[in-house]
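**Student:** One structure is given below, represented as structure tokens, and several questions about it will come after.
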Amino acid sequence: MIRMEEEEEETPKMIRMEEEEEENPNPVYINEDLVEDILLRLPLKTILKFKTVSKQWRSILESKSFVERRKSVQKNPKILAAGELRFQGDAEIDVVYLQCHDATTRPSLTCDGLVCIPVTDWVNVLNPSTGEFLRFPSGPSHYGNQLFTREAWWSEVFPGYWAMGFGRDEVKGSYKVVRMLYDFNYFEILDVDIGEWRKLTPPPYKIEATRKSACVNGSIYWLNLMHRSKLLALDLHTEEFRDVPVLPPPRYTGGTRIVNLENRLAVADTCFDPEWALEIWSMDAQEESWTMTYFIRLSHLISTPIFWRKWFTPMAVSKQGNLFFCDSEKRLFKYYPETDYLCCLSPDFCVITPFVENLVSLRSQPGSVPKISTSGYQYGLSYLQPGCVPKISTSPHRSRISNIVGRMELLFPNILLTSTLVSLIIFGYRYKYST
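In terms of our numbering, the sequence shown has 112 at position 89, counting the first letter as 1, and numbering is strictly consecutive.
Printed below as a string of structure tokens:
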């Protein structure tokens, strides 16, 4: 058994190895910080298994500090995809597949690796990393201008034609779902930890329900282009709306998208003068200015049918500075800014969102229906095995062999860390028994 013991403030925290039934006169101590540092670098599946070692380890692995540190030590950026495993990854980005029918057929919202999928009568919140999900009743469904939203080629419509939002309160650390229906005066917010809908102060103007929102640094943003170009933000801690004073210069089209790109609010839009291109603008933290971070020429894609109706969504930026984005035709692209080179990594790839492994636990609360409900809602998660070779060449500068070697290199640190931790435990027990 592993027991946490309190020492004096000057003494670092230790973990004491001892038998359950008898005291050891010569206990062996392992520095708790060392154990946590090793656990941080282990693969996700190993961490989930180690939760069963003891209550103390489970407490460490579920602590807020460990969850936050774990998100910061992940190596390659990840993207979450749905459907079949059609694309096997890239040397600069990892792919995680979510086996969930609703994820392939319905729009979803994401934040910190958690996925919110509103369906008829329910709002599902999933944590693919831990395999947990909660379901919350969505209440009455009212239908607005259905004809317009169905005909709009850019629309992403949630059940009941709600304007939806999902994000994290940076102060309390809780995740919240927002839904609004301006014409029927419904404005509500749900704290996932509590499981109850509460009234929300109405926004200053109507929010466009046909576009997805984005959460950045504790605020949810909605872009409204129907009547006037406006950018509305909701602070998830104070639960108060505010207007973002400065908008980026792009000529807004139906395909305009707002996303969280590297923890900054970004707007992606296409322009046609002097050529067809994708512009990506990023907002600074003070919401006072915008900067064009990418200008990507798309002229070689112009032969595709009704090309002007396509929209593009930025996904992630690799540590090498290369951009991954997808389009409305389910194609995944990779852009090299230094060489202005654009390539298609996969012609049929259902990308959901950028993804980060998040060990936060979703607890069943009053008012929610836990995973064991009889609704039959199921999903699964698949990680690509390290060492697999991409089916499509991802870079003009890397060979297939270097891709294999690069992925194999990622295995050895994990094996070494696991072996070290297990050795420390075995050594502790052997030392105890020898004395």
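Built from N, CA and C at the ideal position, the CB exists for glycine as well.
(1) I need the DSSP call for L63, collapsed to helix, strand or coil.
(2) Helix, strand or coil for W334 per DSSP?
(3) Taking one C-beta from the stretch 286–293 and one from the stretch 238–245 each time, how about it: are there three or more such pairs within less than 8 Å?
(4) Among residues of its own chain, excluding the 5 on either side of R129, which ones have a beta-carbon nearer than 7 Å to its beta-carbon?
(5) Measuring only the C-alpha atoms, how far is L254 from A308?
(6) Work out the CA separation of N283 and T133 for me, nearest whole Å.
(7) Along the chain, where does the beta strand (DSSP E) containing Q122 start, and where does it finish?
(8) Sort G183, E380, A339 and D192 by Cα distance to L259 and report the nearest one.
(9) Report the rounded CA-to-CA distance for N150 versus D296, giving the unit in angstroms.
(10) How many Å lie between N99 and D135 at the Cα?
(11) Between which two residues does the alpha helix (DSSP H) carrying E91 extend?
(12) Would you kindly work out how many angstroms separate the C-alpha atoms of S252 and V96, rounded to a whole number?
(13) Please identify the residue among V76, G278, S152 and M338 whose C-alpha is closest to the C-alpha of Q122.
(14) Have a look at G183 and R332 and give me their C-alpha separation to the nearest angstrom.
(15) Taking DSSP as the reference, what is the three-state secondary structure of R191?
(16) Would you kindly work out how many angstroms separate the C-alpha atoms of F348 and A339, rounded to a whole number?
(17) According to DSSP, simplified to helix, strand and coil, what is D135?
(18) Where DSSP assigns a beta bridge to S305, which residues make up the other side?
(19) Would DSSP call I281 helix, strand or coil?
(20) Ordered along the chain, which non-local residues of its own chain (more than five positions away) have a Cβ less than 6 Å from that of V90?
(21) Going by CA-CA distance only, name the one from T336, I281 and W299 that's closest to E352.
(22) Could you tell me the boundaries of the beta strand (DSSP E) in which I243 lies?
(23) Quick one, which of K78, L84 and E55 has its alpha-carbon nearest T69's?
(24) Drop a sphere of 10 angstroms on the beta-carbon of M249, count the other beta-carbons inside from all chains shown, and report buried for 16 or more, exposed for fewer.
(25) Considering K199, what are the terminal residues of the beta strand (DSSP E) in which it resides?
(26) Please check the pair K195 and V379, which I expect to be a contact at CB under 8 Å, by giving their CB distance rounded to whole angstroms.
(27) So which of V201, A291, E115 and L270 has the shortest CA-CA distance to T276?
(28) Can you find the residues in the same chain that come closer than 7 Å, C-beta to C-beta, to E298, ignoring five residues on each side of it along the sequence?
(29) Could you check the C-alpha separation between V267 and R202 for me, to the nearest Å?
(30) Below 8 Å between beta carbons: does that hold for V200 and F189?
(31) Return helix, strand or coil for P141, following the three-state DSSP convention.
(32) I need the straight-line Cα distance from L204 to F156, nearest angstrom please.
(33) Have a look at P272, L270, I61 and Y244 and flag the residue whose alpha-carbon is nearest the alpha-carbon of E262.
(34) When the Cα atoms are used, what is the spatial distance from P370 to W220?
(35) For a test of the three-state rule: what should DSSP assign to S152, helix, strand or coil?
(36) Where does the unbroken beta strand (DSSP E) through K253 begin, and where does it stop?
**Tutor:** Walking through what the data contain:
(1) helix
(2) coil
(3) yes
(4) I140 and V142
(5) 15 Å
(6) 10 Å
(7) D117 to Q122
(8) D192
(9) 43 Å
(10) 15 Å
(11) K87 to S95
(12) 38 Å
(13) S152
(14) 25 Å
(15) strand
(16) 7 Å
(17) coil
(18) A289 and T314
(19) strand
(20) L382 and V383
(21) T336
(22) S242 to N247
(23) L84
(24) exposed
(25) Y198 to L204
(26) About 19 Å separates the two Cβ atoms, so there is no contact after all.
(27) A291
(28) R320 and S322
(29) 20 Å
(30) yes
(31) strand
(32) 25 Å
(33) Y244
(34) 41 Å
(35) coil
(36) K253 to D258
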